[in-house]
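Residue numbers (this note's numbering): 218 to 419.
Where a beta carbon is used, it is the ideal one built from N, C-alpha and C, also for glycine.
Quick notes on the structure that follows.
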Amino acid sequence: MTLIEVAEVIGIISFALSGFFIATGVKLDILGVLIASFLTALGGGVIRDVLVGRELYAFSSNLASLLVISVVLIATLFKLQKFAKIEKSSYFVVADTLGLVSFAISGALIGLEAEFNFFGVVLLSLITAVGGGVLRDMLINKIPLILDSEFYGSVAIVVGICIYLLGQGGILNFFTIMLVFFIGLTLRFVAFYKKWHLPKIL
């Protein structure tokens, strides 16, 4: 399994769970929960693959769908919605942050693979990381997290920049990618608990 595939699997599992938390939090039925979980976990990757002209991982790999369905079934079986009734709970934040950083990394790696420039790599990182969540939030008629949350999209941008610079410097490997992964996680968690926000125009 390649680094991109590992990042995809982690991202799909994490975002399927965060989609589950959001959907159960607004009292959707089981079909609504499945749709929200699929959109959150696979939506950003579909947009990314269309932009790159790449075979759609979500539609060509049975693993992607099996992961989402398994997460929803396991979460339902263990009644995880009772432990994360609100979006700001630690359970949701951990799941969503893991998905955010993992997909930001996979998007940036695919951008490098496609020989995109700096802007292209960073934008692909951002789209992969937040695209599914935006689609989910539009579906349930709420403001997307990227527009109203602590350093959310900014974390994906920072991760994309780091991956691009590592690629250009010829030092992109498992260890440096893991370093970026932990930097992204740390930045998001600190921003959440310290309630850091980008400046707003008043």
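Could you tell me which of the options sits nearest to residue i, measuring between CA atoms?
| i | options | result |
| --- | --- | --- |
| alanine 233 | Ile291, Asp246, Val269 | Ile291 |
| alanine 346 | Lys417, Leu268, Leu356, Val372 | Val372 |
| tyrosine 308 | His414, Lys417, Phe406, Lys412 | Phe406 |
| valine 376 | Ile344, Thr403, Tyr369, Val397 | Val397 |
| isoleucine 286 | Lys299, Ala321, Val243, Gly236 | Gly236 |
| lysine 412 | Leu389, Asp365, Gly228 | Asp365 |
| glycine 384 | Glu332, Leu251, Ile247, Leu294 | Glu332 |
| arginine 265 | Tyr410, Phe238, Glu225 | Glu225 |
| leucine 256 | Glu272, Phe276, Leu268 | Phe276 |
| leucine 268 | Ser278, Asn279, Gly324 | Gly324 |
| leucine 280 | Met218, Thr293, Leu402, Leu294 | Met218 |
| alanine 240 | Asn358, Tyr274, Phe335 | Asn358 |
Could you tell me whether the Cβ atoms of residue i and residue j are closer together than 8 Å?
| i | j | result |
| --- | --- | --- |
| isoleucine 400 | leucine 220 | no |
| glycine 370 | leucine 329 | no |
| isoleucine 360 | isoleucine 322 | no |
| valine 289 | serine 319 | no |
| isoleucine 230 | leucine 283 | no |
| phenylalanine 368 | leucine 404 | yes |
Taking buried to mean at least 16 other C-beta atoms within 10 Å of its own C-beta, is residue i buried or exposed?
| i | result |
| --- | --- |
| leucine 248 | exposed |
| glycine 270 | exposed |
| phenylalanine 238 | buried |
*asked:* Using 8 Å as the cut-off, can you tell me whether the stretch 260 to 267 makes contact with the stretch 338 to 355, which would need three or more C-beta pairs spanning the two stretches below that distance?
replied: yes
*Does the stretch 309 to 317 come within contact of the stretch 335 to 344, defined as at least 3 CB pairs closer than 8 Å?*
no
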